[in-house]
Amino acid sequence: MQSVAAYGELRLITEIKRWLGNVSPKTPFGIGDDCAVIPPTKRHQLVTTDPVIYGQHFDDTVRPQDVGAKLLKRNLSDIAAMGGRPVAAVISLALAPETDIAWLKKFYLGLAATARAHHVRIVGGDITQGPAGFIGAFLTLHGESTGKRVITRTGASAGDHIYVTGNLGGSLAGHHYNFAPRLAEGRWLAGRSEVRAMMDVSDGIAKDLDSLTTRGLKASLNAATIPVSRAAQLLAKKTQRTALEHALCDGEDFELLIVVRQRADISRFERAWKKRFPRVPLSRIGHFVSGKKLLTGALNLSAYRGYEHLR
Ligand SMILES: [Mg+2]
16 MQSVAAYGEL RLITEIKRWL GNVSPKTPFG IGDDCAVIPP TKRHQLVTTD
66 PVIYGQHFDD TVRPQDVGAK LLKRNLSDIA AMGGRPVAAV ISLALAPETD
116 IAWLKKFYLG LAATARAHHV RIVGGDITQG PAGFIGAFLT LHGESTGKRV
166 ITRTGASAGD HIYVTGNLGG SLAGHHYNFA PRLAEGRWLA GRSEVRAMMD
216 VSDGIAKDLD SLTTRGLKAS LNAATIPVSR AAQLLAKKTQ RTALEHALCD
266 GEDFELLIVV RQRADISRFE RAWKKRFPRV PLSRIGHFVS GKKLLTGALN
316 LSAYRGYEHL R
């Protein structure tokens, strides 16, 4: 086994460029100058950043190529949530000196394959030495709007419908790295006038829904309509918790949570979705109500806690 410390920085950068191949454009549009140059466009510019850290977002059970892919896909999911298209990324690494070069190579090959699949260029980065045992990779992704507007988290009004894509819960069984970011779906949704607000599900909908909830409103969910994944059902057999709790709280679903205007023709909206994405479930899970009181039969979300960062 060869360590990154034995390679040294210059050789490492040469190797990284080789691993990235055509995903890394020539300078000044790629690695090799003080900054990378991203050509101007007339569209809204989007920027997001998310890390993967050993022990936090992955462990030894996850293959290094899947870790590299996950790093980019987490960020792609954020671009999808705005209805955008990804463009270019920079990546900063903090690596323990003993980090295995073979591990790092596979990590980059996974990152490069995902970047190629989504037409993202890796245009720069930085490597610093981290403490023993530490592997952290921090990616900043640039993107742009695809239509006239970007979809933000704000704007939900009383009566608006709440939808979610896919199935929720049990992501630890594998979905947390083998998911497909909902880019095509996000882009399509951004072009629909029915859609008021949107975000991606990273912490579990019990927590993430707060970010879509305008002051004075409350999300009223119908438990029977929550799309519980098979993984959540299997997991519930081993834990003391219900499959529904896993669906609401596990997080790392990377699905889209969508607010649709009350006045929208929702059967038309749902039919259009089914035609465009016949294999991706879209569930109407509830709506926003004004006031603090819970409607009878509605899920009491405060009884469920999403994944808390920095706990
Ligand atoms: Mg997000």
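Here our numbering is used: the first residue of the sequence shown is 16, the next is one more, and so on.
A virtual CB, placed ideally from N, CA and C, is assigned to each residue, including glycine.
Proximity to ligand 1 was defined by a C-beta distance below 7 Å to any of its heavy atoms, and the residues meeting it, in sequence along the chain, are Ser92, Asp93, Ala96, Met214, Asp215, Ser217.
Taken in chain order, the whole beta strand (DSSP E) runs of length 3 or more contained in the stretch 263-324 are 271-275, 297-305.
In the three-state scheme derived from DSSP, where H, G and I count as helix and E and B as strand, His59 is classed as coil.
In this structure, Val135 lies near Ala103, with their beta-carbon atoms less than 9 Å apart.
The three-state reading of DSSP puts Ser186 in helix, counting H, G and I together. Between Leu271 and Ala95, the beta carbon gap of about 7 Å places them in contact (Cβ cut-off 8 Å). Per the coordinates, the alpha-carbon of Thr229 lies some 31 Å from the alpha-carbon of Phe153. In this structure Gly99 is in contact with Ser160, their Cβ atoms being roughly 6 Å apart against a cut-off of 8 Å.
Rounded to the nearest whole angstrom, the CA to CA distance from Ala246 to Ala188 is 7 Å. For Gln144, no alpha helix (DSSP H) encloses it; the enclosing beta strand (DSSP E) starts and ends at 136-144.
The beta carbon of Asn237 is closer than 6 Å to those of Gly301 in its chain, skipping five residues each way along the sequence.
In this structure, Val210 lies away from Ile281, with their beta-carbon atoms at least 9 Å apart. With 16 or more neighbouring CB atoms inside 10 Å of its own CB, Thr63 falls in the buried class. For Asp215, the uninterrupted beta strand (DSSP E) run begins and ends at 210-215, by DSSP.
In terms of Cβ geometry, Ser317 and Ala173 do not form a close pair [threshold 9 Å]. According to the DSSP assignment, Val179 belongs to no alpha helix (DSSP H) but to the beta strand (DSSP E) extending over 176-180. Taking each of Lys121, Ala195, Gly47, Leu27 in turn and checking the Cα distance to Val77, the smallest one comes out for Lys121. DSSP lists Val304 as the bridge partner or partners of Lys233.
Assigned with DSSP and collapsed to three states, Val52 falls in coil, not helix or strand. Put simply, of Arg58, Gly125, Gly140 the residue whose alpha carbon is nearest the alpha carbon of Pro101 is Arg58. Contact between the stretch 212-228 and the stretch 262-277 is present: three or more C-beta pairs spanning the two stretches fall below 8 Å. One alpha carbon belongs to Asn37, the other to Arg164, and they sit about 31 Å apart.
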